[in-house]
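Here's the structure we're looking at; comments come further down.
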Amino acid sequence: MKCFLGKEGQLQFQNLDPSLVKVLLDSLLTKNWKTHFLTTNCSSTLQQKSPEFFSDWKKYIEPEVSSLLGECYTVMLSDFNKLKKEDHDNETEVTLTIPLDHYEAWLRMLSVARLALANSLEEKKCTELLFRQDFLTVLQQYLVEAEETREN
Amino acid sequence: METTITPLIVEKTDTQSDLSLPWQVVVYDDPVNLMSYVTLIFQKIFGWSKEQAERHMLEVHTKGCSIVWVGPREEGELYVEKLHGFLLTATLEKIV
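Protein chains in written order, with my numbering: chain A, 22 to 173; chain B, 43 to 138.
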């Protein structure tokens, strides 16, 4: 896998093996994960640390954040729909392009998936989940660095 | 004709006191989000320099939490919403 930062700020992951693409799709395109953070992490911390704020959060903030994450999911899906596949010597290589204005959506969705994976890993440690977690971490780190480059 | 004047009693509600008291936004540590990611998000949300964002990120990492903002409740709610939008565990707590 090679990672390039394009002239227009787009981040391109080239020479992706189809098996890695499957890992990405399996990790990121599970819709019910998008609310996992809100229903578990946030709810329990707020109930414990700030009970006087919890009901307002539940009523006003949780739906907003959930809706935002839903929009990010759609953005990410649109990039998956534009995956470019090329065949070289009986091997298929895939290119994933993340446009500059999609960075934030990807950063959020990678965090959603990584938090959900961490919860799964607490219940059951297995090589496949650890590999997924590491792979998503690498992608997120690339995005963070690309975003820092852009802001400087 | 006799008229009765009823005194107007204004009750002080919890909401009024909540609005006048300062609140603080606290970010809590989690074992998943990358340190570089947390720093970037602090810069984005609070407009901090990288150094200031890193100081708060390290405080979260080493002490378990960091107070990232203090002020009126309504503004604090917006910050919490933004932090949750980036999957950071944050609360809005009343300063007592």
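Glycine is no exception: its CB is placed at the ideal position from the N, C-alpha and C atoms.
Put simply, the backbone Cα of V138 (chain B) is about 41 Å away from that of K145 (chain A). With respect to the 8 Å criterion, F88 (chain B) and S132 (chain A) are not classified as neighbours on the basis of their beta carbons. The shortest CA-to-CA distance from K105 (chain A) to any of A:K28, A:R171, A:L26, A:V42 is the one to A:V42.
Taking C-alpha positions only, A134 (chain A) is separated from D155 (chain A) by approximately 12 Å. Closer than 9 Å at the C-beta level to chain A, one finds these residues of the segment 72-103 of chain B: D72, P73, V74, N75, L76, S78, Y79, T81, L82, I83, Q85, K86, K92. In the same chain as E143 (chain A), and ignoring 5 residues on each side of it, no C-beta atom comes closer than 8 Å to its own.
In this structure, I83 (chain B) sits near L130 (chain B), with a CB-CB distance shorter than 8 Å. With a threshold of 8 Å between beta carbons, S64 (chain A) makes no contact with chain B. The beta carbon of Y70 (chain B) falls within 8 Å of a beta carbon belonging to chain A, placing the residue at that interface. Straight through space, the alpha carbons of D77 (chain A) and T113 (chain A) are spaced by roughly 50 Å.
In this structure T118 (chain A) is in contact with Q31 (chain A), their Cβ atoms being roughly 5 Å apart against a cut-off of 8 Å. When DSSP states are grouped into helix, strand and coil, W65 (chain B) belongs to the strand group. For the segment 158-169 of chain A, the set of positions with a beta-carbon nearer than 8 Å to some beta-carbon of chain B reads T158, Q161, Q162, V165, E166, E168, E169 in chain order. The C-alpha of N111 (chain A) lies about 14 Å from the C-alpha of N36 (chain A). Residues of chain B whose Cβ lies closer than 7 Å to the Cβ of R135 (chain A) are, in chain order, V74. Annotation: K23 (chain A) to F34 (chain A) spans about 6 Å, alpha carbon to alpha carbon. For L63 (chain B), no CB of chain A lies under 8 Å from its own CB, so it is not counted at the interface with that chain. T170 (chain A) counts as exposed, since fewer than 16 other beta carbons sit within 10 angstroms of its beta carbon. DSSP places Q161 (chain A) in the uninterrupted alpha helix (DSSP H) bounded by 148-172. For V138 (chain B), there is no enclosing beta strand (DSSP E), as DSSP marks it with neither H nor E. Within the same chain, and ignoring the five residues on either side of G118 (chain B) in sequence, the residues whose Cβ sits closer than 6 Å to its Cβ are W65, V67, L134. Within the segment 79-97 of chain A, I82, E85, V86, L89 place their CB atoms closer than 7 Å to a CB of chain B, listed in sequence order.
In terms of beta-carbon proximity, S99 (chain A) stays away from the interface with chain B, with every pair separated by 8 Å or more.
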